[in-house]
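Q: Right, I'll just put the structure down here and ask away after.
In our numbering, the protein residues as written are 761 to 935.
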């Protein structure tokens, strides 16, 4: 079994008896519209998620790359500290995608979402994202710590899709 399948199985084992997560895990098993993602975090942002201070996870990029337009409300996001263990999970609340065609859009994100992103914890946060062309903002819901798990993930990407949720649009698209 590849690392993605092993990680999903570990998550199910960790959460199936949890009173808050039991129903979510059951839905996850049978509802193929729910995507499962692995997000790599650096500190202090991972700790801020667990403290419930960081209410929105943000991903900025120069090129169009995941999770841009590939994550949606209700998807499950597994949390891994960079260079370390998988330690938790949350459900995606509201998800917003932005094309950063001008500086005004980045300023809009800063003004309206900066506090929830916890951008103030990094003095260069907005400067480091000034050349970004794409932004994904994911509301953090139903956060849960789990026993640490050593993932076999080898690539250096900051986001992986373990299972892409099947879009309902797939079945309703016109010919």
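Heads up, the beta-carbon is just placed ideally off N, CA and C, and yes, glycines get one too.
1. Would you tell me roughly how many angstroms separate the C-alpha atoms of residue 816 and residue 886, rounded to the nearest one?
2. Starting from residue 850, trace the beta strand (DSSP E) both ways and give me its first and last residue.
3. DSSP state of residue 828, grouped into three classes?
4. Does the distance from the CB of residue 925 to the CB of residue 832 come in under 8 Å?
5. Using the three-state DSSP reduction, which class does residue 807 fall into: helix, strand or coil?
6. Quick check on the burial criterion: 16 or more other C-beta atoms within 10 angstroms. Buried or exposed for residue 916?
7. Report yes or no: do three or more beta-carbon pairs, one from the segment 856-867 and one from the segment 788-802, lie closer than 8 Å?
8. Sort out for me which residues DSSP pairs residue 816 with in a bridge.
9. Is it buried or exposed, residue 848, if we count other Cβ atoms within 10 angstroms and call 16 or more buried?
10. Answer yes or no: do residue 894 and residue 830 have a C-beta to C-beta separation smaller than 8 Å?
11. Tell me whether residue 890 sits in a helix, a strand or coil according to DSSP, three-state version.
12. Run the CB neighbour count on residue 801, radius 10 Å, all protein chains shown included, and call it buried at 16 or more, exposed below.
13. Within this structure, are the beta carbons of residue 846 and residue 837 separated by less than 8 Å?
14. In terms of residues, what are the limits of the beta strand (DSSP E) holding residue 794?
15. Mapping the DSSP letters down to three states, classify residue 840 as helix, strand or coil.
A: Let's see:
1. 15 Å
2. First-last of the beta strand (DSSP E) with residue 850: 846-859.
3. coil
4. Closer than 8 Å, so yes.
5. helix
6. In the assembly as shown, residue 916 is an exposed residue. Its beta-carbon has fewer than 16 other beta-carbons within 10 Å.
7. no
8. 899
9. buried
10. no
11. In the structure shown, residue 890 sits in coil (DSSP, three-state: anything other than H, G, I, E or B).
12. buried
13. Their beta carbons are not under 8 Å apart, which means residue 846 does not touch residue 837 by this criterion.
14. It is not in any beta strand (DSSP E) - residue 794 carries neither H nor E in the DSSP assignment.
15. strand
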